[in-house]
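In this note's numbering, the protein residues as written are 17 to 373. The beta carbon of each residue, even a glycine, is placed where N, CA and C say it ideally should be. Data first, discussion second: the structure below is written as structure tokens.
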Amino acid sequence: MSTSPRLRGALQGVPTYKPGRPAAVRDGAMSYKLSSNENPYPPLPSVLDAVSREAGRFNRYPDLFASGLVAAIAARLDVPTTHIATGTGSVGVLQQIVQATAGEGDEVVYAWRSFEAYPIVVQISGARPVTVPLTSDERHDLAAMADAISERTRLVFVCSPNNPTGTAVRRDELGAFLDRVPRDVLVVIDEAYREFVRDPDVPDGLEVYRDRPNVAVLRTFSKAYGLAGLRVGFAVAHEPVAEALRATAVPFGVSGVAQVAATASLAAEDELLERVEGLVKERSRVHDALREQGWSSVSASEANFLWLRLGERTPDFATACQQAGVVVRPFGEEGVRVTIGETEANDIFLTVAARFV
Ligand SMILES: *Cc1c(COP(=O)(O)O)cnc(C)c1O
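Below is the structure:
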């Protein structure tokens with residue numbers, strides 16, 4: 017007989033989430049954190065005000081249904097309130113999606129390399145991850161993903177723009193892919209970086225979901241809206257799916273502070289999207305500078321980060337960045353993801369990159 021409580025076998029070998037390293041202090045100077053795709057701007061005064069008012073009430077449970085926030089999202093996106101399900105960050109919603117669709121004996125298809133939360137939430141559920149390699153130009157191979165769908169497939173993740181490569185799926189290829197997916201398989205378009213997309217050939221997931229009941233769109237307030245620390249995200253899905261997501265939510269998971277911050281952020285959207293525009297300009301500047309340095313392989317990014325496929329030089333590059341004063345996110349011996357941050361931080365990154373061409 018075992019001497020410790022029995023745990024589910026599915027937990028064995030589940031990868032652990034590696035958060036981006038914090039900015040370290042060196043020689044009394046703070047280094048910049050470009051490792052977690054966060055928004056470098058501090059909270060807006062109007063959002064801070066809303067949060068401070070709400071903070072005086074945290075002896076009470078929050079609104080279980082996040083009604084104010086749901087109404088604001090529905091109005092903003094022009095979708096029915098019944099199509100919205102909120103959660104503790106979009107990773108929280110992702111977990112609800114897996115819980116609602118897949119378990120032991122089922123398969124979940126996604127591209128790899130992609131968002132590192134996917135293998136974690138899928139393996140915990142007991143379902144089998146079926147990963148499809150990215151193409152040589154760092155894009156989703158949607159034809160191969162359609163081929164990978166079997167009778168056991170219950171769920172497909174499409175990460176667009178893809179974390180960590182920054183590439184996004186195009187309207188025509190996504191349409192062709194969705195036409196091949198059986199109607200009883202849910203396709204989740206993870207659009208954590210939607211607000212940073214500028215390529216007109218990249219569809220907004222919402223235009224795709226409207227007449228496809230097996231498509232759900234995942235959005236977050238963590239990136240463009242700068243609320244990463246408050247944990248609030250949501251899915252837009254047709255009713256049976258949205259209802260299942262509400263049913264699998266942790267009761268009172270999204271705090272009152274997070275709810276009012278997200279609502280206030282929607283009210284201040286113009287101001288926030290101006291900041292996003294600044295980051296997009298900065299993204300172009302850094303991308304073009306890398307190209308000029310001779311990084312011919314760096315792909316155009318539709319997100320708030322860039323991807324350098326450095327192979328075995330990855331750890332050395334990350335160390336050199338750290339020594340120069342910026343923390344980036346290395347992925348094994350594959351490559352480095354660098355978040356577009358403050359101009360000074362991006363310049364430090366470029367200085368290091370120039371030495372590694
Ligand atoms: C950052 C990110 C998320 C969102 O994370 P939350 O903070 O949990 O909302 C979701 N998907 C991808 C691909 C991301 O990069």
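| query | result |
| --- | --- |
| C-beta atoms of residue 177 and residue 345 nearer than 9 Å | no |
| First and last residue of the uninterrupted alpha helix (DSSP H) at residue 241 | Careful: residue 241 lies outside any alpha helix (DSSP H) and carries neither H nor E. |
| Extent of the continuous alpha helix (DSSP H) to which residue 302 belongs | 285-309 |
| One or two residues paired with residue 89 in a DSSP bridge | According to DSSP, which records beta bridges pairwise, residue 89 is partnered with nothing at all. |
| As assigned by DSSP and simplified to three states, the class of residue 346 | strand |
| Proximity test, residue 208 beta-carbon vs ligand 1 heavy atom, cut-off 8 Å | yes |
| Span of the alpha helix (DSSP H), counted from its first residue to its last, around residue 22 | Element bounds for residue 22: n/a, residue is neither H nor E. |
| Cutoff 8 Å; reference residue 358; Cβ partners in own chain excluding five residues on either side | 48 and 56 |
| Cut-off 8 Å between Cβ atoms - residues of its own chain near residue 80, not counting five sequence neighbours on either side | 267 and 268 |
| Sequence-distant residues of the same chain with beta carbon closer than 7 Å to residue 154, five excluded per side | 181, 183, 315 and 323 |
| Euclidean distance between Cα positions of residue 94 and residue 52 | 30 Å |
| Rounded straight-line distance, which links the Cα of residue 33 to that of residue 133 | 7 Å |
| Residue 131: CB within 8 Å of a non-hydrogen atom of ligand 1 | yes |
| Cα-Cα separation, residue 116 to residue 274 | 24 Å |
| contact_flag[the stretch 213-231, the stretch 347-358] where n(CB pairs < 8 Å) is 3 or more | no |
| Near ligand 1: residue 244 beta-carbon under 8 Å from a heavy atom | yes |
| Chain-order list of residues whose beta-carbon lies under 7 Å from that of residue 151 (same chain, five-residue window excluded) | 157 |
| Local conformation of residue 206 per DSSP, three classes | strand |
| C-alpha distance - residue 279 paired with residue 84, whole-angstrom precision | 7 Å |
| Three-state secondary structure assigned by DSSP to residue 144 | strand |
| Cβ-heavy atom distance, residue 348 to ligand 1, below 8 Å | no |
| Selection from 92, 25, 271 and 54 that minimises the alpha carbon distance to residue 292 | 54 |
| Residue 196 in three-state terms, based on DSSP | helix |
| Inter-residue Cα distance where the pair is residue 318 and residue 191 | 19 Å |
| heavy atom of ligand 1 below 8 Å from residue 110 C-beta | yes |
| Own chain, CB closer than 6 Å to residue 86, minus 5 neighbours either side, in chain order | 97 and 100 |
| Whole-Å CB distance - residue 365 paired with residue 50, under 8 Å assumed | 6 Å |
| Paired residues, beta bridge with residue 351 - DSSP | 347 |
| Complete runs of the alpha helix (DSSP H) confined to the stretch 253-282 [at least 4 residues] | 255-263 |
| Backbone secondary structure at residue 102 - three-state DSSP | strand |
| Minimum C-alpha distance to residue 248 - residue among 263, 271 and 240 | 271 |
| Straight-line Cα distance separating residue 196 from residue 262 | 28 Å |
| Any non-hydrogen atom of ligand 1 closer than 8 Å to residue 355 Cβ | no |
| Collapsed DSSP secondary structure at residue 126 in the structure displayed | strand |
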